[in-house]
Structure formats: C-alpha cells, structure tokens
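Chains C and B, in that order, are what the protein sequence lines are. Mapping the first sequence onto the numbering used here, position 109 (from 1) lands on 109, and the numbers just tick up by one. Mapping the second sequence onto the numbering used here, position 18 (from 1) lands on 18, and the numbers just tick up by one. For each residue, glycine too, the CB sits at the ideal point set by N, CA and C. What follows is one structure encoded as structure tokens, with my remarks underneath.
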Amino acid sequence: EDQVTQSPEALRLQEGESSSLNCSYTVSGLRGLFWYRQDPGKGPEFLFTLYSAGEEKEKERLKATLTKKESFLHITAPKPEDSATYLCAVRGFTSGTYKYIFGTGTRLKVLA
Amino acid sequence: NAGVTQTPKFQVLKTGQSMTLQCAQDMNHEYMSWYRQDPGMGLRLIHYSVGAGITDQGEVPNGYNVSRSTTEDFPLRLLSAAPSQTSVYFCASSRDRNSGNTIYFGEGSWLTVV
Numbered sequence: 001e002d003q004v005t006q007s008p009e010a011l012r013l014q015e016g017e018s019s020s021l022n023c024s025y026t027v028s029g030l031r032g033l034f035w036y037r038q039d040p041g042k043g044p045e046f047l048f049t050l051y052s053a054g055e056e057k058e059k060e061r062l063k064a065t066l067t068k069k070e071s072f073l074h075i076t077a078p079k080p081e082d083s084a085t086y087l088c089a090v091r092g093f094t095s096g097t098y099k100y101i102f103g104t105g106t107r108l109k110v111l112a
Numbered sequence: 001n002a003g004v005t006q007t008p009k010f011q012v013l014k015t016g017q018s019m020t021l022q023c024a025q026d027m028n029h030e031y032m033s034w035y036r037q038d039p040g041m042g043l044r045l046i047h048y049s050v051g052a053g054i055t056d057q058g059e060v061p062n063g064y065n066v067s068r069s070t071t072e073d074f075p076l077r078l079l080s081a082a083p084s085q086t087s088v089y090f091c092a093s094s095r096d097r098n099s100g101n102t103i104y105f106g107e108g109s110w111l112t113v114v
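Laid out in structure tokens, this is it:
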C-alpha cells in the first residue's frame, strides 16, 4: 500500500537549534518527492522536489535529502519565521495513472 | 500574481443544502484538482481535470461534482451537504500531469456543515 509517514508530528525548537524532519514513504513507481510549507489559514507552498536517491536541494536554512525509503528536511539555525507545518508528498505511477500521496505534516514551532 | 484563487474563504451550510466552491487559475495550467484536508489526515484528492472538458474522480469523490468548461476555471459542487463534508478544501493546479511539475495551491475554503 502506498503511504507517507511524517515524524515527529510536532517539534518545538529554540531559535538557532538545528534539527531534521523525517518523511518515510512506500510508493509504486516513484516520480518525485515533494516538500511543502503550510502556514495557518493558508494553502501549501512548494519548497522542493526530489527525484532520485542521493539528490539534495537547498533553500536558505532548509535542505532536503532523499534516500530510497525516506526524505529528510534539515533546518539549520531556524528562526521564528520558519514556524509552520511542513508537508511531504510523493508522486507515484502505477497502471498508467499518476497519484499523489500526502503525509499529515510536521508542525514546527521555533521559539525566539 | 494571482495564481490560484478560491472563493468563498469561509462558508456555513445546513445539511442538505448545495453550493459551489469556485476556483480559477491564471497560469494557463492544464491540470487542476480539488483536495480536502482534515485533522490527522493528509490532503486527499476529490476530483481532478487534465484539461478543459475532461474530469475524473480522485480518492474521495462521493458527494461532489466538478466540471471544466474552460482552462481557467474548475468549480467544485456539493450536491447535498453532509456534516462529513465539513473540511478545508484546496484547489490546486500544475502545468500538466505527465511530469513532476510543481503543484500550486489556493488559499483554501473553510466549509462547515451543520
């Protein structure tokens, strides 16, 4: 069964305290793993797409990595404005059909 | 920079009422979709469209209808609202379906059915 599991569900960090969010997945015919940021009352905002194991992408204090079974979103020296819910999604391809599966997200709170 | 625009932002319905959530995108995207987001669950696909005149069911289509008469617009209709349809609804679009293109989401529509 295709599924995406994110951990932890919630994370509180002090400003400057680096950490990582995890996204474990099982999917048939992976065609991309996506990270989104979602602020309260808003729609998800695209951050990264990763396509193959070993790939890495960076944006400001965020770095996403991918293995065959999981992805990590590393947050280096976070600031309060990084507080948000981070969603992971995978895009699979089976029986001629593409399918997106979303995780439930990690709620990140960065304290000043 | 409109992107994906959804209306209304908030709506309260009585059980059995019908309504339409509007969605429009100005990026000339072929692929549009509707998701619902519920506490403790990931975004779930309701319906999608790969182009004008073409729609198909997603993971949770029951109780919802869609149409795609133009590239820009993709309304979602609730036929007879039920409390189980209380949720946050997101419209999304991407350039097409056959590549790893970024999905752009609207700001969401909060629907409460009483």
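In the structure shown, SER95 (chain C) adopts coil according to DSSP, grouped into three states. At the C-beta level, ALA77 (chain C) and GLY16 (chain C) come within 8 Å of one another.
Under a 10 Å Cβ-count criterion, GLY16 (chain B) is classified as exposed, with fewer than 16 other Cβ atoms of the shown protein chains found around its own Cβ.
Around THR7 (chain B), the same chain offers GLN22 as residues with beta carbons nearer than 7 Å, after the five sequence neighbours per side are excluded. In this chain, the beta strand (DSSP E) harbouring LEU108 (chain C) covers 106-111. Listed in chain order, the non-local C-beta contacts of VAL4 (chain C) below 7 Å within the same chain comprise CYS23, TYR25, CYS88, ALA89, VAL90, ILE101, PHE102, GLY103, local neighbours out to five positions each way being set aside. Within chain C, the residues whose beta carbon sits less than 7 Å from that of LEU43 (chain B) are PHE102, listed in sequence order. Judged by beta-carbon spacing, LEU50 (chain C) lies beyond the 8 Å limit of LEU73 (chain C), meaning their Cβ atoms are not closer than that value. From the beta-carbon of PHE105 (chain B), the residues of chain C found nearer than 9 Å are TYR36, GLN38, LYS42, GLY43, PRO44, GLU45, PHE46. The beta-carbon separation of LEU21 (chain C) and THR106 (chain C), rounded to 5 Å, stays under the 8 Å limit for a contact.
Taking a Cβ-Cβ threshold of 7 Å, the residues of chain C close to PHE90 (chain B) are GLY43, in chain order. Not a single CB atom of chain C sits nearer than 8 Å to the CB of GLY51 (chain B).
Restricting attention to C:SER7, C:ARG12, C:GLU1, C:ALA53, the CA atom closest to the CA of LYS79 (chain C) is found in C:ARG12. Counting along the chain, GLU45 (chain C) sits inside the beta strand (DSSP E) bounded by residues 45-50. The alpha-carbon separation between ASN28 (chain B) and LEU13 (chain B) amounts to approximately 32 Å. Identification of residues in the stretch 2-29 of chain C having a C-beta nearer than 7 Å to some C-beta of chain B yields VAL4, given in sequence order.
A distance of 8 Å or more separates the beta carbons of PHE105 (chain B) and PRO8 (chain C).
ASP73 (chain B) is bridged by DSSP to B:ALA24. In the three-state scheme derived from DSSP, where H, G and I count as helix and E and B as strand, GLN85 (chain B) is classed as helix. In the three-state DSSP reduction, ASP39 (chain C) falls in the coil class, being neither helix nor strand. Within chain C, no C-beta atom comes less than 8 Å from the C-beta of THR71 (chain B); the nearest is roughly 20 Å away.
With a 10 Å radius around the Cβ and a threshold of 16 neighbouring Cβ atoms, VAL114 (chain B) comes out exposed. DSSP lists C:SER24 as the bridge partner or partners of GLU70 (chain C). Where MET41 (chain B) is concerned, there is no enclosing beta strand (DSSP E), because DSSP gives it neither an H nor an E.
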